[in-house]
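Data block below; observations after.
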Amino acid sequence: MNNQVAINQELQDKANSILSSVNINQTGALAVGQLRTVIDARINKQQNQGLDLPANYSVPNALTQALLRLQAVKTKGKTPVLQACTPNSIIQSLMDMVVQGLSPAKDQCYFIAYGNELQLRRSYFGTTAALLRLENITDVDAQAIYEGDQVNTSIDRHGHLVLDTENTHLDWTNQDNELIGAYAIITTADGVDHLTIMTKKQIKVSWNQSKTHDVQNKFGSEMAKRTVLNRAAKMFINTSDDSDHLLTGAINDTTSNEYDDERRDVTPVEDEKQSTDELLEGFQKSQEAKAKGVSNSGNSNEESSEEIADGQTELFNERTIKPADEADS
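Mind the numbering: the sequence shown is residues 13 to 341 in the working numbering, read in order.
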């Protein structure tokens with residue numbers, strides 16, 4: 013596909029005029045309309061330079077959905093996210109969303125405020141959609157592994173770890189058992205299955221890097237699948253020769269904060285230290301409470317705030333998000 017379009021010089025001039033009059037690293041420096049103009053101009057320029065997008069992906073619709081939801085979200089301190097975060101980080105997050113062809117309406121992505129920086133996050137569905145856009149990838153799958161499941165691997169003639177499908181059995185009746193790991197398989201055009209497998213401990217380490225808060229509300233198979241698929245995406249992209257550097261760069265940028273080797277302090281404070289068994293117990297209790305229509309705090313489900321593993325609320329639920337510097341206040 014080729015979405016190359018003509019440059020819109022009037023739009024470019026308007027965006028340049030806006031950017032020349034403000035500091036985009038200063039929070040609240042741009043209004044929503046100005047943000048949209050700058051983003052539209054950047055997308056127009058990249059499409060002119062050959063940016064390919066899915067044929068059924070509507071950039072205007074995706075941007076409108078994202079900006080509308082961002083306008084409705086406030087930080088814990090009641091400050092609108094669009095005022096609390098720098099325009100530069102907002103623009104970059106929305107650009108990453110567009111380059112990957114993600115849609116907030118399909119729950120493929122959401123946004124998180126870390127202090128004054130807005131960052132894009134992909135859901136499991138979003139990572140799957142983004143990877144399938146790469147020409148060399150034909151299929152993507154991830155599975156959670158529960159106590160009682162049989163997952164066996166072997167080494168192929170190239171020395172690669174592969175799934176022994178004949179001796180691997182996932183029983184759906186084990187889903188009430190303890191989650192012990194997850195695996196992801198990325199299948200390439202040559203028919204090769206690239207396996208990534210993580211233990212429960214490795215998954216927990218990845219979550220700890222995201223400064224886990226109240227993870228019980230979102231703990232479970234989908235979070236584990238999302239984590240292992242993000243790792244698989246990183247490993248595959250960084251060792252592939254895919255020519256779409258803009259797309260692979262955006263995928264890597266969005267995944268970067270989930271890397272095990274991300275260079276930042278991941279030491280949990282005392283009241284945040286929880287064993288994986290405690291996380292599992294908390295998730296199970298929250299599921300039981302949901303079945304009764306009551307959250308862990310005793311509030312109704314409608315009143316409870318669902319938080320993802322890094323302690324922020326998901327934008328697509330349109331609820332309050334907590335910047336990292338406010339998470340413990």
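All residues carry an ideal CB built from backbone N, CA and C; glycine is no exception.
Predicted model, so just to flag it, every value in this text is computed and none were measured.
Out of the options, which one is the CA nearest neighbour of residue i?
| i | options | result |
| --- | --- | --- |
| L79 | Y126, L42, I19, F137 | L42 |
| Q155 | H172, E190, I197 | I197 |
| K9 | F248, L47, Q214 | Residue 9 lies beyond the range of the chain shown here (13 to 341); nothing can be said about it. |
| L31 | Q187, V50, R145, L63 | V50 |
| K237 | I215, M247, H170 | I215 |
| N60 | A18, P92, D202 | A18 |
| T140 | K118, G160, N179, Y158 | K118 |
| Y195 | N20, T180, T185 | T180 |
| V71 | V110, N37, N100 | V110 |
| G232 | P92, S101, G193, A84 | G193 |
| G62 | I263, T266, A262, D256 | D256 |
Enumerate in chain order the residues of its own chain whose CB-to-CB distance from residue i is below 8 Å, with the five nearest sequence positions on each side excluded.
| i | result |
| --- | --- |
| C97 | T39, A125, N128, E129, L130 |
| V174 | T165, S166, I167, D168, D205, L207 |
| Q24 | A53, N56, K57 |
| I103 | I36, L47, V50, I51, R54 |
| N250 | N264 |
Less than 6 Å between C-beta atoms, sequence neighbours within five positions excluded: which residues of the same chain meet that for residue i?
| i | result |
| --- | --- |
| D151 | T199 |
| S115 | A74 |
| R243 | T208 |
| S29 | none |
| D202 | none |
| N186 | Y158, G160, D161 |
| E147 | none |
| S101 | E129, L130 |
Bridge partners of residue i, per DSSP?
| i | result |
| --- | --- |
| R238 | Paired residues: none, contrary to the question. |
| R133 | Y122 |
| M210 | A194 |
| D151 | T199 |
| D205 | T199 |
| I167 | L173 |
| P92 | K86 |
| Q162 | H181 |
| I157 | G193 |
Report all residues from its chain with a CB closer than 7 Å to the CB of residue i; omit the five preceding and five following residues, and keep chain order.
| i | result |
| --- | --- |
| Y69 | G113 |
| E338 | Because E338 carries a pLDDT of 40, less than 50, the predicted location of this residue cannot be relied on, and the following value inherits that uncertainty. T87, K88, G89, listed in sequence order. |
| E22 | none |
| L143 | I149, V152, I198, A245 |
| L182 | Q155, D161 |
| D289 | In this predicted model, D289 has a pLDDT of only 48, less than 50, meaning its place in the structure is not dependable; the value taken from the coordinates is given anyway. Excluding residues within five positions, none has a Cβ falling inside 7 Å. |
| D108 | L132, A262, D265, T266 |
| G171 | none |
| M13 | Residue placement at M13 is poorly supported in this model, since its pLDDT is 49, which falls under 50; the coordinates are not used for a value here. |
Between residue i and residue j, which are expected to be in contact by the criterion C-beta below 8 Å, what is the C-beta distance as a whole number of angstroms?
| i | j | result |
| --- | --- | --- |
| L94 | V44 | 7 Å |
| N189 | E234 | 16 Å between Cβ atoms; not a contact. |
| M210 | V240 | 5 Å |
| L259 | R145 | 6 Å |
| Q120 | S135 | 6 Å |
| L191 | K212 | 6 Å |
Practice problem: Counting only runs of 4+ residues fully inside the segment 30-81, write out the alpha helix (DSSP H) ranges in chain order. | Solution: 44-60
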